[in-house]
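Below: one structure, written as C-alpha cells.
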Amino acid sequence: MPRDIPEKEIRVLLTIMIHAKVKKECLDEFLEIASLLTRETLGKRKGCISYSFNQKQDNPNEFILHEQWQSEENLNEHIRQLIILLGPPKPGGLLPERLVSMYEYAEPAYYKVIE
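Residue numbers (my numbering): 27 to 141.
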C-alpha cells in the first residue's frame, strides 16, 4: 500500500485481474518484464493501490495480474507508461505488442468495489 496516502483515505475504484498463460519459450523474458513492471508501478504510479503478478505454483506458465487503481484516469496513464517502457501496442490493441505476444491467452476481468 502506498505510504504517502493515509490508509483511511485510500479508495479503490477499479480492480483488474488478468488470468494469463505465457508461452513456454517466453517465460524467462516474461518474468523479467513482470518484475520490471512491478518495480516501475507499485508505489510509484499515481493512483496505484495494488499491482502484483502471481505465478501458479503447479503450472509456472500461468499467472494472475492483480491491479487496483483509484481511477480509470490513473489506469490509462499506467497503460501509457507501459507503452513507453515496452513499445507500441499490437495493431488494434491497447497494450504493448511485446507483452501481449508472450501470451497463449490472457483474460482480463474488471471489478468494482461493493461499498
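All C-beta atoms, glycine included, are put in the ideal place defined by N, C-alpha and C.
It should be emphasised that the depicted structure is a prediction, and the values quoted were computed from it without experimental measurement.
query: Which runs of the alpha helix (DSSP H) spanning at least 4 residues fall entirely within the segment 27 to 83, listed in chain order?
result: 53 to 67
query: Where residue 74 and residue 137 are concerned, what is the direct C-alpha to C-alpha distance, given to the nearest angstrom?
result: 15 Å
- request: Please look up how many angstroms separate the CB atoms of residue 129 and residue 46, rounded, as I've assumed it's under 8 Å.
  value: 5 Å
- prompt: Taking the alpha carbon of residue 95 as the point to measure from, which residue in 139, 79, 49, 120 has its own alpha carbon closest?
  reply: 139
Residues of its chain near residue 28, where Cβ-Cβ distance is below 8 Å and the 5 sequence neighbours each way are ignored: For residue 28, the predicted structure reports a pLDDT of 45, less than 50, and the residue's modelled location is therefore unreliable. A value from the coordinates is still provided. Here the set comprises 36, 69, 74, 75.
Nearest candidate by alpha-carbon position, reference residue 153, set 102, 86, 41, 80: This structure gives no information on residue 153, because the portion of the chain shown stretches from 27 to 141.
Same chain, Cβ closer than 6 Å to residue 109, neighbours up to 5 away in sequence not counted: 122
query: Quick one: what's got a C-beta closer than 7 Å to residue 115's C-beta in the same chain, skipping five residues either side?
result: 109, 121, 122, 123
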